Amino acid sequence: MKYLGCNPPKRGYKRAVYIIFAIFHILCISIVLNALDWLEFVRVFRYNDMKLIMLRATMVLFSLVMGQRILLFACTFKKYQIIKDAVKRSSFNFECFGINNINVDSVSNGSCRKEKLSFSSIWTGAKLSFSESNELESFRLKSMVEMGARCSAILNAEIALCVILSIFWNYKETHGELFEDYNPYLNKTSLYRKTQLRFYMPFDSSLEGHDALATCVTLYTRFGILLLFLPIDSVLPSILAFLIAQTRIVQEAFKYVDKNISPSQSPRNVFLIKEIRIVKCINELQEIYRILDMLQNLYSFQTLLQCGLGTFLLCTLGYIAPMVSDGSELFCFGTFLIAVTEEIFILSYVSNTLTIELQNVAIDLYNIEWDSYPIRVKKLIEFTLRRIQKPASLTACKLFNIDLAVFIQMLQTAYSFYTVISSTSEKLVA
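Numbers 408 to 837, taken from my numbering, label the letters of the sequence shown in order.
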């Protein structure tokens with residue numbers, strides 16, 4: 408993220424230079440590009456070509472999706488940092504599962520019942536014996552490293568693929584076909600390079616004019632928006648993926664509550680070790696729910712807008728796909744169609760998986776043999792079970808859950824829009 412420019416330097420002249428460049432870059436990518444796409448969208452209506460109109464509608468929607476995500480991320484960067492710090496919290500460890508023997512006599516000293524001792528006093532004052540190995544902590548480290556490597560590999564693969572595709576498109580367009588069109592700057596017909604992702608240029612972009620400048624602007628917008636949008640777009644799925652990993656670790660931790668405890672101590676101390684472990688698992692589970700609530704508050708509207716625009720994008724791309732005239736166009740729009748579908752699917756998949764994993768945690772918590780536990784532990788478990796019985800899921804402004812069922816519904820809605828537009832255009836032509 409820092410390499411790609413999403414994390415600014417903390418101090419000094421580098422921060423000032425970064426902020427100046429970032430403001431200019433964000434304004435150009437998210438506002439100026441959208442304005443140029445809208446101007447081109449208005450301009451193509453004079454051709455009375457439905458394919459061209461739908462193509463420009465696709466580019467306007469695509470620029471709108473990327474522009475709004477970039478702007479909203481820039482405006483909510485501090486809130487994102489809070490969520491990131493919560494996900495990367497140093498307290499997410501399970502060292503307490505290494506305790507196999509405990510002695511609280513030095514803490515209670517007869518003045519306080521052992522059942523009334525706070526966990527902080529036990530942790531700081533009690534005599535604790537740890538086992539040589541902590542399998543759960545090793546599992547936690549391995550799971551978090553693997554999840555980080557997967558998220559990084561997917562993001563780097565997407566960036567590399569998009570850069571390669573952008574280079575390919577630019578090469579094809581630079582050495583590709585030319586076409587004639589009216590040049591309002593010279594008031595005559597001029598030659599232009601045929602581009603698949605053309606947008607309005609506020610200058611003469613013909614071969615007789617500033618063709619080289621138009622090529623540079625096109626390269627800047629393509630690489631600039633991709634290298635900025637992809638890391639931002641991967642933030643929410645990545646955070647949800649890490650929450651999935653943490654949920655699975657908590658689920659595994661409940662299976663270790665009764666394990667690795669020395670039988671040579673009193674039953675009261677055995678229950679105290681189990682209580683420490685259960686409270687640790689429940690605290691981490693509550694933290695996961697808290698982070699999910701923060702994500703809901705931050706990304707709820709963005710997710711709703713992304714789902715709506717994504718549905719229309721699938722509709723317009725589906726309308727254009729049967730009308731492609733050559734392999735270059737097929738490759739271009741096929742890539743766009745796959746990218747849009749993949750973006751919606753990944754978000755739906757990780758959100759749906761997190762919901763399922765949280766439900767599985769409730770099952771593992773219930774399966775603990777807690778009938779013989781002290782009353783305060785029973786009450787804590789019962790309260791937690793009631794809390795997690797309600798499925799937790801990311802929603803779009805609380806209108807619908809983001810899951811695989813919604814992904815299928817979006818595909819069906821996009822197809823319905825496609826059939827309506829197709830039938831309407833056929834009637835207009837007839």
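Just so it is clear, CB atoms sit at the ideal spot from N, CA and C, and this is done for glycine as well.
Quantities reported herein were computed from a predicted structural model and do not represent experimental measurements.
Residue pairing by DSSP puts S536 in a beta bridge opposite N508.
Judged by beta-carbon spacing, C714 lies beyond the 8 Å limit of Y825, meaning their Cβ atoms are not closer than that value. Assignment of beta-bridge partners to Y589 by DSSP yields T596. The bridge partners DSSP lists for N808 are T802. If you draw a straight line from the Cα of F752 to the Cα of L811, it is about 7 Å long.
Within the same chain, Cβ atoms closer than 8 Å to the Cβ of L459 are found at V451, the five residues on either side in sequence being excluded.
Contact check for F719 against I727 fails: the beta carbons are separated by 8 Å or more. By the CB criterion at 8 Å, I490 and I646 fall inside the cutoff. Restricting attention to E750, P670, N508, R794, the CA atom closest to the CA of F814 is found in E750. Apart from sequence neighbours up to five positions away, the residues of its chain that approach L478 with a beta-carbon distance below 6 Å are S437, ordered along the chain.
In this model, V657 and I788 are separated by some 14 Å (Cα to Cα).
Of the residues S613, V677, A493, E502, the one whose Cα lies closest to the Cα of N541 is E502. Pairwise C-beta distances place the region 706-713 in contact with the region 801-810, as three or more of them are shorter than 8 Å.
Taking 8 Å as the cut-off, the Cβ atoms of G717 and V747 count as close. One alpha carbon belongs to N563, the other to S779, and they sit about 51 Å apart. Only residues of its own chain outside the window of five on either side were considered, and among them L443, L446, E447, R450 have a CB closer than 7 Å to the CB of Y607, listed in chain order.
Distances from the CA of K785 to each of L754, I689, A821, M817 were compared; the closest alpha carbon is that of I689.
Between the alpha carbons of L548 and E764 lies a distance of about 19 Å. By the C-beta density criterion, S641 is buried, having at least 16 other C-beta atoms within 10 angstroms. About 7 Å separates the CB atoms of L772 and T791; that is less than 8 Å, so the two are in contact. Comparing alpha carbon positions, the residue from L462, M457, L434, Y696 closest to V494 is Y696. Fewer than three beta-carbon pairs drawn from the region 701-711 and the region 662-671 are found closer than 8 Å, and the two stretches are therefore not classed as touching.
Shortest Cα-Cα distance from F738 to any of S559, K579, L635 involves K579. A straight line joining the alpha-carbon of K797 with that of N767 spans about 12 Å.
Note on R463: 16 or more other CB atoms within 10 angstroms of its CB, so buried under the neighbour-count rule.
About 7 Å separates the Cβ atoms of D611 and N590, confirming a contact at the 8 Å cut-off. Rounded to the nearest whole angstrom, the C-alpha separation of Y592 and G616 is 9 Å.
For Y487 and T831, the gap between their C-alpha atoms comes out near 44 Å.
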